[in-house]
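J.: In terms of this note's numbering, the sequence shown opens at residue 34 and continues consecutively.
Note that CB positions come from ideal geometry on N, CA and C, so glycine has one too.
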Amino acid sequence: MPEVPDLEAIRAFFNRRIAGQSIDRVDVPIPVVIRVPREEFVRLLTGDSFGEVHRYGKFLLFSLASGRVLVVNPMLTGRFAYAQPNARKFARTCLVLGLDNGQELRYADQRFMGRIYLVTPETLNQVPQFAEMGPDVLDPKLTEEVFKDRLRKHSGQIKGILVNLKFVAGIGNAYSDEILWEARIHPYRKRTQLSDEEQSALYLATRSVLEWASKVVGDLMTDNLDYQEWRDHLRVHRRGGQPCPRCGTTISEITAGQRITSFCRACQPEPSLSLPSSLTRG
């Protein structure tokens, strides 16, 4: 699943290449991911041109000269390509936009789980999930104070809160593991068990991990969008059985609900159980 660092790199890639480019051709070979009638979608996009590309959470927002916004939520398996028309297409390519520079912007989706919308700024909140999202995780307005205040409004295990788009938008399974490892917090700790210092550490880790990873992935994707999910730089996620890069303890992995959670039991200790005072020895 593309997460913030991947989508930041894609956003930057497209801003370097498609701003000002007009859309000369719109092909929809597989319309299942397009949430607009095909004929209307083709008619409205043909002849329009791209402005700046933005990201909010896990959505990419392609501004258009007409004032409309092409909204893409790639979900688990959506991926983009930017290629010459004669270049081989990914399997299950759903959308091809022919640009006036001779290139094609393509979207493919192996499981057809992603969604593409064409809206106006006024109707953006009608896109499913969009109005429910908290602030973007890299929004400068998401200060430590705001982060902690939002954290107090959620209950349950801390990893589940981090990936909840209503808390903040953009954190997924892989980078939640990285953030919690950086902050030295066990993924199954309850939010109510976190001290103020741990909440501060969590905020700082969220910022530092995502900013660092965005730069790493962005450097890898400078010239080539024919990408995989760049994960070689991750320290713990999907590293089960390998030594923790901080302490050397074997990294643990737990699979629950089709989600893999990776962590270090030494660096991220489980909360100690406190006995009732009636059971403690004096």
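Using the Cα positions of P64 and K223, report the straight-line distance between them to the nearest angstrom.
T.: As a first step, residue 64 is located in the sequence shown; it is residue number 31 there, counting from the start. As a first step, residue 223 is located in the sequence shown; it is residue number 190 there, counting from the start. If you take the alpha carbons of P64 and K223, they lie about 43 angstroms apart.
J.: Please give me, in chain order, every unbroken run of the alpha helix (DSSP H) with length at least 4 that falls completely inside the stretch 87-170.
T.: Correct list: empty.
J.: Closest to I218 by CA distance: which of R44, R264, E178 and V269 is it?
T.: Mapped onto the sequence shown, residue 218 falls at position 185. Cα-wise, what sits closest to I218 is V269.
J.: With 16 other CB atoms within 10 Å as the buried threshold, where does Q291 fall?
T.: The count along the sequence shown starts at 1 and reaches residue 291 at position 258. When all chains shown are included, Q291 counts as exposed.
J.: Determine the DSSP secondary structure at R50, reduced to helix, strand or coil.
T.: Translated into the one-based positions of the sequence shown, residue 50 becomes position 17. Reduced to three states, the DSSP call for R50 is helix.
J.: Taking just the CA atoms, how far does T225 sit from S307?
T.: Locating residue 307 in the sequence shown gives position 274, where the first residue counts as 1. Locating residue 225 in the sequence shown gives position 192, where the first residue counts as 1. With a pLDDT of 40 at S307, under the threshold of 50, the modelled position of that residue is not reliable, and the figure given next carries that caveat. Roughly 14 angstroms between the two C-alpha positions.
J.: For S228, count neighbouring Cβ atoms within 10 angstroms of its own Cβ and tell me buried if that reaches 16, exposed if not.
T.: Your numbering for residue 228 matches position 195 in the sequence shown. S228 is exposed by the Cβ-count criterion.
J.: Please report the distance separating the alpha-carbon of R58 from that of R76.
T.: Sequence index remark: in the sequence shown, residue 58 carries index 25 (1-based). Sequence index remark: in the sequence shown, residue 76 carries index 43 (1-based). Using only the alpha carbons, I get a separation of about 10 angstroms.
J.: Does the stretch 38-47 come close enough to the stretch 81-100 that 3 or more CB-CB pairs lie under 8 angstroms?
T.: With a cut-off of 8 angstroms, the stretch 38-47 and the stretch 81-100 count as touching, because enough Cβ pairs lie within range.
J.: Any contact of the stretch 121-128 with the stretch 139-151, i.e. 3+ C-beta pairs under 8 angstroms?
T.: Touching, yes.
J.: Terminal residues of the continuous alpha helix (DSSP H) containing D252?
T.: Position 219 of the sequence shown holds residue 252. Start and end: D229 to L253.
J.: According to DSSP, which residues form a beta bridge with A289?
T.: Taking the sequence shown and counting its residues from 1, the one referred to as residue 289 is at position 256. DSSP lists R292 as partners of A289.
J.: Which residue from T176, L184 and C300 puts its Cα closest to that of D210?
T.: For the purposes of this step, residue 210 is taken as residue 177 along the sequence shown, with counting starting at 1. Looking at the Cα atoms, C300 is the closest of the given residues.
J.: Cα separation between A246 and D60?
T.: Walking along the sequence shown from the start, residue 246 turns up at place 213. Walking along the sequence shown from the start, residue 60 turns up at place 27. Distance between the alpha carbons of A246 and D60 is about 34 angstroms.
J.: So the candidates are A207, T156, H187 and L151; which of them puts its Cα closest to the Cα of G167?
T.: Within the sequence shown, residue 167 is the residue found at index 134, counting from 1. Residue H187 is the option with its Cα nearest to G167.
J.: Give the DSSP bridge partners of T283, in chain order.
T.: Numbered from 1 along the sequence shown, position 250 holds the residue referred to as residue 283. In DSSP, T283 forms a bridge with P276.
J.: Using the DSSP secondary-structure output, state which residues sit across from D256 in a beta bridge.
T.: Counting from one through the sequence shown, the residue named residue 256 turns up at place 223. Bridge partners of D256: none, in fact.
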